[in-house]
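Structure record follows, encoded as structure tokens.
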Amino acid sequence: MMKGHDMKKSDEAMAWWREARFGLFIHWGLYAIPAGVWKGVENPFIAEWIMKVFQIPVKEYEQLAGDFNPVKFDAEEWVRVAKEAGMKYIVITAKHHDGFAMYDSKVSDYDIVDATPFGRDPMKELAEACRKEGIRLCFYYSHVQDWHHPDALGNPWDYPSGQELTVYNWEEEKQKPTFPRYLEEKAKPQVRELLTQYGPIGLLWYDTPYDMTKEQSKEMTDLVREIQPDCIVGGRVGNEVGDYEEMDDNEIPAAALDGDWQVPATMNDTWGFKKNDHNWKSTQTLLRLLVDIVSKGGNFLLNVGPTAEGLIPQPSLERLAEMGRWLEINGEAIYGSKPNPFGSEFDWGTVTVQSPDGTNPARMYLHFFDWPAEPFVLDGVRNKVTQAFLLADTSRQALNVAPEYIENVDHHRLTIDLPAQAPDENVSVVVLELDGDVDIDTTPAQRADGRITLSAVHADVHAAGDGTGPARHKGVVENWLDEKDWLSWRFKVLEPGTFDIVVVTAEGGYHGESQWDGGHEITLAVADTKLASTINADERVYNPRCVYWQDVLSNVGKVTIKKAGVHTLEVRPDKIVTAWKQGFRLKSVKLVPRP
Ligand code: JFZ
């Protein structure tokens with residue numbers, strides 16, 4: 011992402027954001043009044059899209075402003091909620107796609123101070139409260155869609171542009187000729203207001219950059235650079251000119267990534283408040299998402315949708331408070347931490363690291379989702395462990411760690427004795443203090459339970475086709491559309507035997523919708539065995555790391571490996587199916603020993 015941009019933020023300017031790791035997203039606007047229901051009909055989509063979903067005419071939607079009076083809004087309370095949740099920044103919708111400014115704007119009267127009985131500027135109050143509490147205030151600004159403005163994109167029912175309307179597929183809307191005028195007359199002047207009226211702003215979160223030209227994306231970026239050089243520009247400014255990569259909504263990559271990135275995520279299935287959406291993720295789910303995202307090097311921007319009265323819904327408050335209590339004990343393993351040095355996901359949980367700062371040795375944090383019943387075995391750590399303890403244990407009682415070196419395959423293995431009882435029901439953290447900086451052998455190796463996992467991140471990618479793909483992106487192999495491209499792995503076998511081979515592919519899509527391509531025909535070669543197989547959805551497995559999308563398992567066959575040592579496995583496609591344009595999204599190949 012953003013590699014080609016000459017104005018990329020310096021490490022200094024990104025430092026606070028890399029340290030912060032956890033922020034509060036707030037979607038708040040007029041759409042909180044209908045709260046997901048229009049004239050008795052339920053909006054099947056996200057709350058803030060209600061105007062578009064029902065093609066509500068501007069004149070009618072505008073009437074909502076006259077009823078907007080969030081008298082229970084308390085900026086200090088919202089900031090306190092974020093702070094006690096362990097969050098370090100707040101990103102709030104200053105203007106969403108409906109075009110209504112939630113601050114005092116001189117550019118347009120369609121704003122909270124001029125058009126509502128409330129008459130206060132919540133952004134001003136939030137800016138003050140944030141300053142007091144040391145929280146960074148950041149703004150969301152919809153720079154492309156503005157359903158209130160005749161020149162902008164997104165509202166062909168009021169402002170026909172001769173283009174076909176599709177409610178959900180906004181990508182089909184093409185930039186209309188008047189769009190630059192909207193940028194000049196509304197978007198840019200309003201962003202200027204946001205960056206001059208409220209003190210230092212941490213980050214400008216643009217959105218839905220469809221049909222933006224690269225030049226326009228750069229202009230919106232340069233505007234921020236000019237007014238507040240230290241303000242970070244979000245990835246959705248478009249055309250890869252932002253300072254970090256913003257994942258799709260609720261989308262979590264399968265492995266640690268290079269570069270800065272963030273996941274915006276919902277607590278239920280909407281951003282703005284919907285009175286009938288009670289599909290809340292549990293605190294456990296949310297904590298595991300936080301830990302997993304941080305272990306992959308990303309930031310977690312978790313959303314709340316306050317009501318039209320100005321209250322954050324009670325289920326959100328409860329979850330945030332519980333997350334804050336966990337972070338109070340385990341924050342050392344999160345803030346400013348470095349990603350999982352093993353690269354790939356573990357079944358039991360994940361890993362973060364704090365590196366030496368000159369006085370302290372490196373610490374590795376093992377975050378357990380599933381607490382092991384037997385002594386825990388960790389493979390591939392070459393370091394000496396000088397100390398091990400539970401992060402939640404204030405007495406720092408030492409855990410016994412037995413190192414082992416398996417010479418014939420040059421393999422390091424640690425066995426750690428853990429108490430029978432997990433210290434935390436959601437995520438339990440074990441600290442390993444090391445003799446120096448982390449030194450991990452990332453060659454895939456057979457685990458103590460006999461299993462071997464070959465992850466996409468550890469594959470050698472052979473782009474033998476037309477050269478356009480495939481690539482490892484977001485922890486899976488992406489853009490694998492050409493049958494000439496193939497993958498291979500070198501891996502260590504400790505205990506020879508017969509293994510079932512399973513290919514794991516990744517679902518993608520929007521919210522719950524699965525866009526999974528199957529039916530690829532492959533030849534898999536390992537240890538003198540060639541297996542021809544079709545990639546089918548033999549099993550779908552819930553993935554605690556990516557709530558809406560499952561892992562899809564396909565059984566390939568079995569293989570007998572007769573000797574311990576380093577072996578090679580190859581996957582060559584004979585036919586790739588691209589119905590969803592996803593292609594062969596391989597996440598891993600698993601070898602599971604037969605009993
Ligand atoms: C956008 C907005 O439309 C939505 O209302 C909300 O503000 C969300 C945080 O961002 O929605 C998107 C943007 C991009 C994708 C999906 C939804 N995407 O690329 O899949």
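Start counting the sequence shown at 11; every next residue gets the next number (our numbering). Beta carbons are placed, not taken as given, at the ideal position from N, Cα and C, and that holds for glycine.
What is the residue span of the alpha helix (DSSP H) that residue i lies within?
i    : result
F189 : F189 to Y192
E203 : K198 to T206
E94  : A85 to E94
Y122 : Looking at the sequence itself, residue 122 is Ile, so the reference to Tyr does not match. Run containing I122: I122 to A125, per the alpha helix (DSSP H) assignment.
Taking just the CA atoms, how far does residue j sit from residue i?
i    : j    : result
D510 : I462 : 10 Å
A23  : L74  : 40 Å
P67  : W59  : 13 Å
K142 : D367 : 30 Å
S598 : E517 : 13 Å
K224 : L233 : 14 Å
E319 : A331 : 21 Å
N289 : P325 : 10 Å
K8   : A57  : Residue 8 falls outside the range modelled here, since the chain spans only 11 to 605, and no answer is possible.
T396 : L213 : 40 Å
L40  : W559 : 31 Å
Y220 : W281 : 20 Å
L267 : T515 : 18 Å
W48  : F64  : 8 Å
F128 : A343 : 43 Å
A535 : F352 : 25 Å
F594 : D77  : 51 Å
E284 : P382 : It is worth fixing the name first, because residue 284 is Lys in this sequence and not Glu. Taking the straight line joining both Cα atoms gives about 39 Å.
G96  : G144 : 12 Å
D21  : L400 : 32 Å
E435 : P605 : 31 Å
P44  : N278 : 17 Å
D253 : A466 : 26 Å
V448 : H107 : 46 Å
E174 : G164 : The predicted position of E174 is uncertain, since its pLDDT is 45 and thus under 50; no value can be drawn from it.
T176 : T188 : Model confidence at T176 stands at a pLDDT of 46, short of 50, so the residue's coordinates are unreliable and nothing is read from them.
Less than 7 Å between C-beta atoms, sequence neighbours within five positions excluded: which residues of the same chain meet that for residue i?
i    : result
D611 : Nothing can be reported for residue 611: it is not among the residues displayed for the chain, which extend from 11 to 605.
N179 : With a pLDDT of only 47 at N179, under 50, the local geometry of the prediction cannot be trusted, and no value is derived from it.
How is the beta strand (DSSP E) around residue i delimited, first residue to last?
i    : result
W59  : Counting along the chain, W59 falls outside any beta strand (DSSP E), and DSSP gives it neither H nor E.
W215 : L213 to Y216
Y71  : Element bounds for Y71: not the beta strand (DSSP E) but the alpha helix (DSSP H), V68 to Y71.
S598 : L596 to P603
R423 : H421 to I426
D470 : D470 to H472
D387 : In the sequence as presented, Asp is not what sits at residue 387; that position holds Val. Run containing V387: F386 to D389, per the beta strand (DSSP E) assignment.
L74  : Per DSSP, L74 belongs to no beta strand (DSSP E); it is in the alpha helix (DSSP H), L74 to D77.
A139 : Note, A139: premise wrong, no beta strand (DSSP E); alpha helix (DSSP H) at P132 to E143.
What residues match up with residue i in a beta bridge as DSSP calls it?
i    : result
W271 : E255 and G308
H377 : T360 and V439
K105 : A111 and Y151
V234 : Answer is none; V234 lacks a bridge partner.
K585 : E531
P413 : L424
L400 : V440
R482 : V487
V243 : L214
T463 : K600
Leaving out five residues before and five after residue i in sequence, what residues of the same chain have Cβ atoms less than 6 Å from its Cβ?
i    : result
A137 : L147, Y208 and G209
G14  : Low local confidence applies: a pLDDT of 37 at G14 is under 50, so the model's placement there is unreliable, with the coordinate-based value given in what follows. None.
Y192 : H159, D161 and A162
Output needed for residue i: all residues of its chain with C-beta closer than 8 Å, excluding positions within five of it in sequence on either side, in chain order.
i    : result
D240 : A23 and P210
S498 : A469, D470, H472, T578, L579, E580 and V581
W496 : H472, A474, E580, V581, R582 and P583
T588 : L491 and D527
D258 : Y520
M168 : The sequence given here places Asp at residue 168; Met does not occur at that position. Answer for D168: P67, V68, W157 and P160, listed in chain order.
* Asked: Which runs of the beta strand (DSSP E), 3 residues or longer, sit entirely within the segment 492-573?
  -> 496-503, 507-516, 531-536, 539-544, 549-551 and 561-571
* Asked: What are the start and end residues of each continuous beta strand (DSSP E) run of 3 or more residues lying completely inside the segment 276-358, in chain order?
  -> Counting whole runs of 3 or more residues, the segment 276-358 contains the beta strand (DSSP E) stretches 308-314.
* **Start-end ranges of the alpha helix (DSSP H) lying completely within the segment 20-55, minimum 4 residues** => 21-30
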